[in-house]
Amino acid sequence: MITRKLPFSLVDFEWAVKLHRLSLNIIGLWPKIAQSPREKLLCNLRVLFVFLGLTFVILTPSIHALIIFRRDIMLVMDNLQFTLPGISSWIRIAIFWWKKEAIVPIMSMIVEDWIMAHENAQERQIMIRRAQTARIIVTCAYSLMGITCAFVMILPGFGLSIRLTPNITDAGIRPLPLQTHYVYDITKRPYYQLTFVSQAVYISLAMISYTGIDNFLGLLIFHICSQLDILKNRLTHLHKYVNSRDMLKSCVMKHIRLLRAIDIIEDTYNIMLLALFAYFAILFAFYGFQIINLFDEENDVSLFHLVYFISTILNLFVHMCLYCALGEILMGQCNDIYYAAYDNEWYLADTKDARNLLPLLIRGAQPVYLTAGKVFPMTMATFCSLLKTSAGYISVLHTTRS
1 MITRKLPFSL VDFEWAVKLH RLSLNIIGLW PKIAQSPREK LLCNLRVLFV
51 FLGLTFVILT PSIHALIIFR RDIMLVMDNL QFTLPGISSW IRIAIFWWKK
101 EAIVPIMSMI VEDWIMAHEN AQERQIMIRR AQTARIIVTC AYSLMGITCA
151 FVMILPGFGL SIRLTPNITD AGIRPLPLQT HYVYDITKRP YYQLTFVSQA
201 VYISLAMISY TGIDNFLGLL IFHICSQLDI LKNRLTHLHK YVNSRDMLKS
251 CVMKHIRLLR AIDIIEDTYN IMLLALFAYF AILFAFYGFQ IINLFDEEND
301 VSLFHLVYFI STILNLFVHM CLYCALGEIL MGQCNDIYYA AYDNEWYLAD
351 TKDARNLLPL LIRGAQPVYL TAGKVFPMTM ATFCSLLKTS AGYISVLHTT
401 RS
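Just so we're aligned: 285 in UniProt numbering is position 285 of the sequence shown, and the numbers increase by one with no gaps anywhere.
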């Protein structure tokens, strides 16, 4: 009976993680629960292939070009709009690969939760609702990345560039996707074709890693929020259970397990979030300056460039807002557990039962949130403060340009 139930119970799990696994599998970063030594080696080789290619095909030539024209602020901004996301993807890949083994127990927990959810239709619906939100977010993220990828890679193939300023490596009417500088003559065949293809391949892989690792955080947080919802319902209706004492002990153990999972997620993502903070502040200020510059100089901007410009700003804004919103949602859910435990009339309960509630009350009184580098809490208030700071730097750049 168990062997028949297990495949059916995993259908919901497969549905919940399928879109997230698609991108991380390509670059070898999906935290698979059971892996043979050969599978682990192949995954590590894929990660190494992406990491080294991103380093030598994208970042090294881009930083080389940045050093050459570091005194021209417009060229610097054109360069950084690609170099900073590349560095961000590079950091994400390195950290996620290093922390991947620590995430495997969380994936095991998620599988167990989906299996257990088939015993309770209400709890299953809660998990499906949260998973559906994560799927919508990852679908939108893939769409935005697809639009950006098309503008960056396809238009240069037809001699069109989405940059405001020319590339120092552009050979006549044949621009490259990125603003880079190479030690060889890019105008000769087949160097141009090979360089173009290599840039296109690694731009795609960088975008996949950027989006995949970001949205994997959404998968984890929304699953934990669904478990916190279930835990809150159990605590609220604790008096309706016949074996309320056993249920209370189960709730305490589940709460401890979820808090440990949150600690692992925080440890995995806090450096990535700190890098994202710096990257967002710089790029948002640069894009704001470019918008002001376009209006001041009354430049004629093509429709292609305008659409790309808007999609890039939207993509940057949504990713940063998503992280802060996830932190805000997680903090709110953890606070709900505290209030659910407190509203349980523990002061009228049996002494032993009241003692079992103490871990929930004590731990629930402490705020739980994601942080950027264990310094800044990831909340919407922090996001608004970051926007204000970036807006202040726009005026500094405008003064420098004048």
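Ideal Cβ placement from N, Cα and C applies to all residues, glycine included. Because the structure is a prediction, the values reported are computed rather than measured.
Between the alpha carbons of LEU194 and PHE289, how many angstroms are there, rounded?
If you number the sequence shown from 1, residue 194 lands on position 194. If you number the sequence shown from 1, residue 289 lands on position 289. Cα to Cα, the separation comes out at about 34 Å.
Rounded to a whole number of angstroms, what is the C-alpha to C-alpha distance between THR180 and ILE128?
Walking along the sequence shown from the start, residue 180 turns up at place 180. Walking along the sequence shown from the start, residue 128 turns up at place 128. If you take the alpha carbons of THR180 and ILE128, they lie about 45 Å apart.
Got a sec? Which residues, its chain only, sit under 7 Å from LYS232 by beta carbon, not counting five neighbours each side?
In the sequence shown, residue 232 corresponds to position 232, counting from 1. Around LYS232: ASP336, ILE337 and ALA340.
I'd like to know whether the C-beta atoms of SER23 and ILE208 end up nearer to each other than 7 Å.
Residue 23 sits at position 23 when you count from the first residue of the sequence shown. Residue 208 sits at position 208 when you count from the first residue of the sequence shown. Going by C-beta atoms, SER23 is nearer than 7 Å to ILE208.
Which word fits THR3, buried or exposed, when buried means at least 16 other C-beta atoms lie within 10 angstroms of its C-beta?
Looking up residue 3 in the sequence shown gives position 3. Unreliable positioning characterises THR3 in this predicted model, as indicated by a pLDDT of 42, which lies under 50. The coordinate reading is nonetheless provided below. Burial call: exposed.
Comparing C-alpha positions only, which one of ILE313, GLU101, MET247 and ILE115 sits nearest to PHE286?
The residue given as residue 286 occupies position 286 in the sequence shown. The shortest C-alpha separation from PHE286 is found at ILE313.
Distance between LEU217 and ILE137 (C-alpha atoms, nearest Å)
The sequence position of residue 137 within the sequence shown is 137, counting from 1. The sequence position of residue 217 within the sequence shown is 217, counting from 1. Each residue's alpha carbon lies about 11 Å from the other.
With 16 as the cutoff for other CB atoms within 10 Å, does LYS5 come out buried or exposed?
Taking the first residue of the sequence shown as 1, we reach residue 5 at position 5. Confidence at LYS5 is low in this model, with a pLDDT of 47, below 50, so its placement is unreliable and the value that follows should be read with caution. So LYS5 counts as exposed.
Roughly how far, in whole angstroms, is the beta-carbon of MET272 from the beta-carbon of GLY327, given that I think they are within contact range, below 8 Å?
Counting from one through the sequence shown, the residue named residue 272 turns up at place 272. Counting from one through the sequence shown, the residue named residue 327 turns up at place 327. Not really, about 13 Å apart at Cβ, beyond 8 Å.
With a threshold of 7 Å on Cβ separation, who are the neighbours of PHE383 within its own chain once the five nearest residues in sequence on each side are excluded?
For the purposes of this step, residue 383 is taken as residue 383 along the sequence shown, with counting starting at 1. Counting only Cβ-Cβ distances below 7 Å, and skipping sequence neighbours, we find MET320, CYS321 and CYS324.
Could you spell out where the alpha helix (DSSP H) holding residue 410 opens and where it closes?
Since the first and last residues shown for the chain are 1 and 402, residue 410 lies out of range.
For VAL252, is the classification buried or exposed, using 16 other Cβ atoms within 10 angstroms of its Cβ as the cut-off for buried?
On the sequence shown, residue 252 is found 252 positions in, with the first residue counted as 1. Counting Cβ neighbours within 10 Å, VAL252 comes out buried, since at least 16 surround it.
Tell me the residue span of the alpha helix (DSSP H) that contains VAL76.
Locating residue 76 in the sequence shown gives position 76, counting from the first residue. Residues 73–117.
Give the C-beta separation of ILE262 and ILE103 to the nearest angstrom, bearing in mind that I take them to be a contact with Cβ-Cβ under 8 Å.
Along the sequence shown, read from residue 1 onward, the residue named residue 262 stands at position 262. Along the sequence shown, read from residue 1 onward, the residue named residue 103 stands at position 103. The pair is not a contact, with the Cβ atoms about 12 Å apart (cut-off 8 Å).
Reference PHE82; option with closest CA among VAL396, LEU176, ILE291 and LYS254:
For the purposes of this step, residue 82 is identified with residue 82 of the sequence shown, where counting begins at 1. Residue nearest to PHE82 within the set VAL396, LEU176, ILE291 and LYS254 is LEU176 (criterion: CA-CA distance).
Counted within 10 angstroms of its Cβ, other Cβ atoms place LEU45 as buried (16 or more) or exposed:
Residue 45 sits at position 45 when you count from the first residue of the sequence shown. A residue is called buried once 16 or more other Cβ atoms fall within 10 Å of its Cβ, and LEU45, having fewer, is exposed.
Cα-Cα separation, SER311 to VAL396
Indexing the sequence shown from 1 puts residue 311 at position 311. Indexing the sequence shown from 1 puts residue 396 at position 396. Cα-Cα distance, rounded: 25 Å.
How many Å lie between ALA117 and GLU123 at the Cα?
The residue given as residue 117 occupies position 117 in the sequence shown. The residue given as residue 123 occupies position 123 in the sequence shown. It is roughly 6 Å from the alpha-carbon of ALA117 to the alpha-carbon of GLU123.
Cβ-based neighbour list, MET109, same chain, cut-off 8 Å, excluding 5 preceding and 5 following:
As a working mapping, residue 109 is identified with position 109 in the sequence shown. Only ARG257 and ALA261 meet the Cβ criterion.
Any idea what DSSP makes of PHE158, helix, strand or coil?
Here residue 158 is taken as the residue at index 158 of the sequence shown, counted from 1. Note: PHE158 maps to coil in three-state DSSP.
Return yes when the Cβ of ASN270 is within less than 7 Å of the Cβ of HIS20, no when it is not.
Locating residue 20 in the sequence shown gives position 20, counting from the first residue. Locating residue 270 in the sequence shown gives position 270, counting from the first residue. No, they are not a contact pair.
Span of the alpha helix (DSSP H) around GLY212:
Along the sequence shown, read from residue 1 onward, the residue named residue 212 stands at position 212. Residues 191–236.
Grab the span of the alpha helix (DSSP H) containing PRO37 for me, first residue to last.
In the sequence shown, counting from the first residue as 1, residue 37 sits at position 37. That run of the alpha helix (DSSP H) goes 37–53.
Would you identify the three-state DSSP class for PRO377, choosing helix, strand or coil?
In the sequence shown, counting from the first residue as 1, residue 377 sits at position 377. Residue state, collapsed to three classes: strand.
Beta-carbon within less than 8 Å of MET1's beta-carbon, same chain only, minus the 5 sequence neighbours each way: which residues are those?
Taking the first residue of the sequence shown as 1, we reach residue 1 at position 1. Any reading at MET1 is ruled out, since the residue's pLDDT is 36, under 50, leaving its predicted position unreliable.
Using only alpha-carbon positions, find the residue among ASP185, LEU387 and ALA278 that is nearest to ALA372.
By 1-based counting over the sequence shown, the position of residue 372 is 372. Of the candidates ASP185, LEU387 and ALA278, the one whose C-alpha sits nearest the C-alpha of ALA372 is ALA278.
Could you give the C-beta distance for ALA275 and THR211, rounded to a whole number, given that I count them as a contact under 8 Å?
To locate residue 275, count along the sequence shown from 1; it is residue 275. To locate residue 211, count along the sequence shown from 1; it is residue 211. About 16 Å separates the two Cβ atoms, so there is no contact after all.
Please state whether DSSP places THR187 in a helix, a strand or coil.
Taking the sequence shown and counting its residues from 1, one reaches residue 187 at position 187. Note: THR187 maps to coil in three-state DSSP.
Simplified DSSP state of ALA281, which is helix, strand or coil
For the purposes of this step, residue 281 is taken as the residue at position 281 of the sequence shown. ALA281 falls in the helix class under three-state DSSP.
Give the secondary structure of THR371 by DSSP, where H, G and I count as helix, E and B as strand, and everything else as coil.
Position 371 of the sequence shown, counted from the start, is the residue given in the question as residue 371. THR371 falls in the strand class under three-state DSSP.
Flag THR379 as yes when its Cβ comes closer than 6 Å to any non-hydrogen atom of the ligand GTP, and as no otherwise.
In the structure shown, the ligand GTP is absent, as is every other ligand, since no ligand is present at all.
Tell me whether the beta-carbon of THR268 lies closer than 7 Å to the beta-carbon of LYS99.
Along the sequence shown, read from residue 1 onward, the residue named residue 268 stands at position 268. Along the sequence shown, read from residue 1 onward, the residue named residue 99 stands at position 99. One thing to note: THR268 has its Cβ within 7 Å of the Cβ of LYS99.
Under the three-state DSSP convention, the category TYR393 falls into:
Your numbering for residue 393 matches position 393 in the sequence shown. Three-state result, TYR393: helix.
Checking 7 Å against the spacing of the C-beta atoms, do ILE106 and ASP229 come in under that value?
Position 106 of the sequence shown, counting from 1, holds the residue named residue 106. Position 229 of the sequence shown, counting from 1, holds the residue named residue 229. Against a cut-off of 7 Å, the Cβ pair of ASP229 and ILE106 comes out as no contact.
Measuring alpha carbon to alpha carbon, tell me which residue in TRP97, PHE376, LYS254 and THR187 is nearest ASN356.
Within the sequence shown, residue 356 is the residue found at index 356, counting from 1. Closest option to ASN356, Cα to Cα, is LYS254.
Taking Cβ positions, are ARG363 and SER226 nearer each other than 7 Å?
Residue numbering aside, residue 363 sits at position 363 when the sequence shown is read from its first letter. Residue numbering aside, residue 226 sits at position 226 when the sequence shown is read from its first letter. No; because the gap between Cβ atoms is not below 7 Å, this pair is not in contact.
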